[in-house]
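Each remark here refers to the structure printed beneath this line.
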């Protein structure tokens, strides 16, 4: 029973952290995005569903771009490590 309560407390804590860290900035971002679209491009005001869809779409695109950048970074780091390892093995044989 104590373990179940601890798990529930962890889940509730994680949800609160996610809401506070991402929910409030997301809400501010959605509001500023709506203002930008409305004022600068002359689009009519978006309702909550439309702005939510727009924000979720931007989040998905951003996550995809972040994932691609992270994979490219890891690819270059792995190639560097492999090259360094080959150089060190070559140096061992050259020193002998």
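Residue numbers (the working numbering): 37 to 132. Every residue, glycine too, gets a C-beta built ideally from N, C-alpha and C.
In the structure shown, residue 80 falls within a coil segment according to DSSP collapsed to helix, strand and coil. Of all alpha-carbon atoms in 93, 88, 52 and 42, the one lying nearest the alpha-carbon of residue 63 is that of 88. Between the alpha carbons of residue 76 and residue 37 lies a gap of roughly 56 angstroms. 95 is the residue among 100, 105, 102 and 95 whose C-alpha sits nearest the C-alpha of residue 61.
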